[in-house]
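Trainee: In full-length UniProt numbering, the protein residues as written are 1 to 632.
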Amino acid sequence: MTVADNKVTLGFEAEVKQLLHLMIHSLYSNKEIFLRELISNASDAADKLRFSALSNDALYEGDSALKIRIEFDKAARTISVIDNGIGMTRDEVRDNIGTIARSGTRQFFESLTGDQAKDSQLIGQFGVGFYSSFIVADKVTLETRKAGEPSSHGVRWESRGEGDYTLETIDRPERGTRVTLHLREGEDEFLDGWRLRAIIRKFSDHIALPILMRKESPDEAKDEGKTAEWETVNSASALWAKNKEDISEEQYNEFYKHVAHDFEAPLARLHSRVEGTNEYTLLLYLPSHPPFDLWDRESKHGVRLYVRKVFIMEGSDKLMPRYLRFVRGVIDSDSLPLNVSREILQENALLEKIRSGAVKKVLGLLEDLAKNEPDKYRTFWKNFGPVLKEGPIEDFKNKDRIAKLLRFSSTHTDSEEQTVSLDDYIGRMKEGQDKIYYITAETFTAAKNSPHLEVFRRKGVEVLLLSDRVDDWLVNYLSDYQGKHLQSVAKGDLDLGALGDEEAKKQTEEATKELQPLLDRIKAVLGDKVADVKVSGRLTESPACLVSDVYAMSRTMEKLMKAVGQQTPTSKPVFEINPNHPLVVRLKFEPNELRFQDLTHILYDQAVLSEGAQLDDPAGFVRRLNGLLQGL
């Protein structure tokens, strides 16, 4: 392949242009982070080469001493970050630099406010990476070659951070990547070796391979022809392998920002060494905010696995279950074989034990926060509660421990904030109550105002209000807690156990006998929309409600299943009426058959709407309602 005519000019994606503009203007007050981001990328490239070389030593090309070099040229006003890591092909450069292939991009841009202070936080949460170069540079040149490729397959990428970039094939004998920043006017502070060293020690001291800079002295500065001596600026040792006492809070936080590609400090961490026949070290963090790819179950970010400080893989559910996918950090094993492949790891019994131990440690950290730092746990739950609710579904072994950590809204507080634990609920149960009552709905408001709650409110019985999308799945797997059965108030016949009112039950039975002709007449009108029509014992204010069969899928669950293309049998609800409600009384004595039918359909549609569901025929509902209103 010839070098001469391979240069092309390509346009950035719209999202990249928007991100570049925002970073330049919003992160300017914290511009030194560009060096942290570039060093972090270089470290990742070295990790990837080290792993690939486990099965193909030739990729080292005779140089296995992985390192990062930082150079600056005062005359040319440039800073360069150079690594001898895995490098990139031309296609990889175009895919990784010209586009943002990241889940959550659309949501990220939609969340921007135009307020630079607020947007700078969002940008930091999104992860600035390579593009942070343009905070201090008005032109960036990247030269790279993939390890194992011939020197003629080098690539040069160059851009001024505006609308486009150039891409060309070059001859590059060295593998790895060199990023050169041509500094903007006024950024001369970064052409000072001591300033750069201070930034590296502040942000990147934890990087586990040497970061090198040329030694500087007054004499050497005068003798430009002298052979350069290089010195290691960082400690170049794996942070997680150090004793806790030797690690500062700042070092812990900077390491988190490195592994999580985050901009903010973590909410909490755990650092633990497990010894015995299966030895490993954990340094795991809880983020202080949800990452943008939190709901991408295929995301590869997460916990990194090392074997004796050699990077193996990241983000596999073999390291951390999906319901803990927000956890960031490293696990370093002394017991796994170093020359292990990702495929062999999938079936490795030692790895399963490491995963099990790590899960227990994370659950222990959450338990400690819930008990001793409730404000932090509230922050955690607000950010990650719906994800943790997946736990009882996925992890039967730890179901009870996870259930203890769950938080819900309830009629006790009537607040949308989920602060009620199952233990809290049990502690407030009425004498004789043997069930934990709950209701699921599409929204908190729909759950809070459901007619199914009326008899429970009258009796002062607390009901959990479940409106997260995962809640319908959760209650199918979490059927009991501490010997108490979880019972939906919207399924099956009303069962209050010892809390039941015999007099009210007797009145319902008598009303059923008296209104049987009306029940039959309503059922004939509704036809196959309902399984049955009954007198309700749970309504005190509303005229009617819909009740699912005790074993049936909830209407919310049916809707979710259909939304993801799953064929589900539609269950017919029971239509319950309140015999004391004026509309039902009027219905009983309505002589006009057409008006009877319209009023029956309106009551049914009102019951559907009260669940927060959508009507099959909204126009029909409006037509019938208008007809009745005109007749008043």
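Beta carbons are placed, not taken as given, at the ideal position from N, Cα and C, and that holds for glycine.
(1) Check whether chain C comes within 8 Å of Tyr438, counting only Cβ atoms and requiring the distance to be less than that.
(2) For Leu499 and Val359, I'd like the C-alpha separation in whole angstroms.
(3) With DSSP run on the structure shown, which of helix, strand or coil describes Leu365?
(4) To the nearest angstrom, how far is the alpha carbon of Pro451 from that of Arg273?
(5) Using 8 Å as the threshold, is the region 84 to 95 in touch with the region 178 to 188, meaning 3 or more CB pairs across them?
(6) Around the Cβ of Thr600, are there at least 16 other Cβ atoms within 10 angstroms (buried) or fewer (exposed)?
(7) For Tyr481, does the count of other Cβ atoms within 10 angstroms reach 16, so buried, or fall short, so exposed?
(8) Can you look up Leu183 in the DSSP assignment and give me helix, strand or coil?
(9) Could you give the DSSP three-state label for Gly329: helix, strand or coil?
(10) Output the distance between the C-alpha atoms of Lys361 and Lys257, rounded to the nearest integer angstrom.
(11) Where do the ends of the alpha helix (DSSP H) carrying Val420 lie?
(12) When DSSP labels each residue in this structure, what does Thr141 get in the three-state scheme?
(13) Please return the same chain residues whose Cβ sits closer than 6 Å to the Cβ of Pro543, not counting the five positions on each side in sequence.
(14) Using a 10 Å radius around the Cβ and a threshold of 16 neighbouring Cβ atoms, would you call Ala65 buried or exposed?
(15) Taking 8 Å as the threshold, find out whether the region 371 to 391 comes into contact with the region 300 to 317 through three or more Cβ pairs.
(16) Taking Cβ positions, are Phe384 and Pro290 nearer each other than 8 Å?
(17) How about Ala208 and Lys309: do their beta carbons lie closer than 8 Å?
(18) Could you check where the alpha helix (DSSP H) with Glu503 kicks off and where it finishes?
(19) Please state the DSSP three-state secondary structure of Lys491.
(20) Which whole-angstrom value describes the C-beta separation of Thr166 and Val8, a residue pair presumed to lie in contact below a C-beta threshold of 8 Å?
(21) Mapping DSSP to helix, strand and coil, what is Ile551?
(22) With a threshold of 8 Å on Cβ separation, who are the neighbours of Leu10 within its own chain once the five nearest residues in sequence on each side are excluded?
(23) Note down the Cα distance separating Val525 from Thr445, rounded to an integer number of angstroms.
(24) Kindly identify the DSSP beta-bridge partner or partners of Ala544.
(25) Report the three-state DSSP secondary structure of Gly391 (helix, strand or coil).
(26) For Pro573, count the other beta carbons within 10 Å of its own beta carbon; 16 or more makes it buried, fewer makes it exposed. Which is it?
(27) In the DSSP output, what is Gly11 paired with across the bridge?
(28) Tyr60 lies in the beta strand (DSSP E); which residues open and close that run?
(29) Quick one: any contact between the region 193 to 204 and the region 51 to 67, if contact means 3 or more CB pairs under 8 Å?
(30) Whole angstroms is fine: what's the gap from Trp157's alpha carbon to Ser40's?
(31) If I'm right that Asp549 touches Gly492 with Cβ under 8 Å, what's the distance once you round it to whole angstroms?
(32) I'd like to check one pair, Ser288 with Ala265: are the Cβ atoms closer than 8 Å?
(33) If the criterion is Cβ atoms closer than 8 Å, does the pair Leu365 and Leu270 meet it?
(34) Tell me which residue opens and which closes the beta strand (DSSP E) that Lys534 is part of.
(35) Below 7 Å CB to CB, which residues in the same chain sit around Lys67 once its five sequence neighbours on both sides are set aside?
(36) Write down the C-beta distance between Val307 and Leu284 rounded to the nearest angstrom, noting that I regard them as a contact closer than 8 Å.
Mentor: Answer, in terms of the structure:
(1) The structure shown has no chain C; it contains just one protein chain.
(2) For the purposes of this step, residue 499 is taken as the residue at position 499 of the sequence shown. For the purposes of this step, residue 359 is taken as the residue at position 359 of the sequence shown. Computed Cα separation, rounded: 40 Å.
(3) Here residue 365 refers to the residue found at position 365 of the sequence shown. Helix.
(4) To locate residue 451, count along the sequence shown from 1; it is residue 451. To locate residue 273, count along the sequence shown from 1; it is residue 273. Spanning the two alpha carbons is a distance of roughly 53 Å.
(5) Verdict: no, contact absent.
(6) Position 600 of the sequence shown, counting from 1, holds the residue named residue 600. In summary, Thr600 is buried, with 16 or more beta-carbon neighbours lying within 10 Å of its beta-carbon over all protein chains present.
(7) Translated into positions along the sequence shown, residue 481 becomes position 481. Answer is buried; the Cβ neighbour count reaches 16.
(8) On the sequence shown, position 183 is the one that residue 183 refers to. Note: Leu183 maps to strand in three-state DSSP.
(9) As a first step, residue 329 is located in the sequence shown; it is residue number 329 there, counting from the start. When secondary structure is reduced to three states using DSSP, Gly329 falls in the strand class.
(10) In the sequence shown, counting from the first residue as 1, residue 361 sits at position 361. In the sequence shown, counting from the first residue as 1, residue 257 sits at position 257. If you take the alpha carbons of Lys361 and Lys257, they lie about 21 Å apart.
(11) Taking the sequence shown and counting its residues from 1, the one referred to as residue 420 is at position 420. Element bounds for Val420: n/a, residue is neither H nor E.
(12) Residue mapping note: residue 141 aligns to position 141 of the sequence shown, counting from 1. Thr141 carries a strand assignment under DSSP once its states are collapsed to helix, strand and coil.
(13) Numbered from 1 along the sequence shown, position 543 holds the residue referred to as residue 543. Around Pro543: Asn578, His581, Leu583, Val584 and Leu603.
(14) Here the question's residue 65 lines up with position 65 in the sequence shown. With a threshold of 16 other beta carbon atoms within 10 Å, Ala65 falls short and is exposed.
(15) At 8 Å Cβ cutoff, the stretches do not touch.
(16) Working through the sequence shown from its first residue, we reach residue 384 at position 384. Working through the sequence shown from its first residue, we reach residue 290 at position 290. Yes; because the gap between Cβ atoms is below 8 Å, this pair is in contact.
(17) Taking the sequence shown and counting its residues from 1, the one referred to as residue 208 is at position 208. Taking the sequence shown and counting its residues from 1, the one referred to as residue 309 is at position 309. At the C-beta level, Ala208 and Lys309 come within 8 Å of one another.
(18) For this step, residue 503 is matched to residue 503 along the sequence shown. Start and end: Glu502 to Glu514.
(19) As a first step, residue 491 is located in the sequence shown; it is residue number 491 there, counting from the start. Residue state for Lys491 is assigned as strand, using DSSP reduced to three classes.
(20) Taking the sequence shown and counting its residues from 1, the one referred to as residue 166 is at position 166. Taking the sequence shown and counting its residues from 1, the one referred to as residue 8 is at position 8. A Cβ-Cβ separation of about 7 Å places Thr166 in contact with Val8 under the 8 Å criterion.
(21) Working through the sequence shown from its first residue, we reach residue 551 at position 551. In the sequence as presented, Ile is not what sits at residue 551; that position holds Tyr. Here Tyr551 sits in coil by DSSP.
(22) The sequence position of residue 10 within the sequence shown is 10, counting from 1. Cβ neighbours of Leu10 beyond the five flanking positions: Arg94, Gly98, Asp164, Tyr165, Thr166 and Leu167.
(23) Along the sequence shown, read from residue 1 onward, the residue named residue 525 stands at position 525. Along the sequence shown, read from residue 1 onward, the residue named residue 445 stands at position 445. Here the C-alpha atom of Val525 lies approximately 30 Å from the C-alpha atom of Thr445.
(24) Residue 544 sits at position 544 when you count from the first residue of the sequence shown. As a beta-bridge residue in DSSP terms, Ala544 pairs with Ile577.
(25) Reading the sequence shown from its first residue, position 391 is the one you call residue 391. Residue state, collapsed to three classes: helix.
(26) Indexing the sequence shown from 1 puts residue 573 at position 573. Taking every protein chain shown into account, the CB of Pro573 has 16 or more other CB atoms within 10 angstroms, so this residue is buried.
(27) Reading the sequence shown from its first residue, position 11 is the one you call residue 11. Answer is Asp164.
(28) One-based indexing of the sequence shown puts residue 60 at position 60. Segment: none, Tyr60 is in no beta strand (DSSP E) and carries neither H nor E.
(29) No, the region 193 to 204 is not in contact with the region 51 to 67.
(30) Your numbering for residue 157 matches position 157 in the sequence shown. Your numbering for residue 40 matches position 40 in the sequence shown. About 19 Å.
(31) Sequence index remark: in the sequence shown, residue 549 carries index 549 (1-based). Sequence index remark: in the sequence shown, residue 492 carries index 492 (1-based). In this structure Asp549 touches Gly492 by the C-beta definition: roughly 7 Å separates them, less than 8 Å.
(32) Numbered from its first residue, the sequence shown carries residue 265 at position 265. Numbered from its first residue, the sequence shown carries residue 288 at position 288. For Ala265 and Ser288, yes; Cβs fall inside 8 Å.
(33) Counting from 1 along the sequence shown, the entry for residue 365 is found at position 365. Counting from 1 along the sequence shown, the entry for residue 270 is found at position 270. Yes; because the gap between Cβ atoms is below 8 Å, this pair is in contact.
(34) Counting from 1 along the sequence shown, the entry for residue 534 is found at position 534. Note, Lys534: beta strand (DSSP E), Asp532 to Val535.
(35) One-based indexing of the sequence shown puts residue 67 at position 67. Counting only Cβ-Cβ distances below 7 Å, and skipping sequence neighbours, we find Asn84, Leu209, Pro210 and Leu212.
(36) Against the sequence shown, residue 307 aligns to sequence position 307. Against the sequence shown, residue 284 aligns to sequence position 284. Contact annotation, Val307 with Leu284: C-beta distance approximately 17 Å; criterion of less than 8 Å not satisfied.
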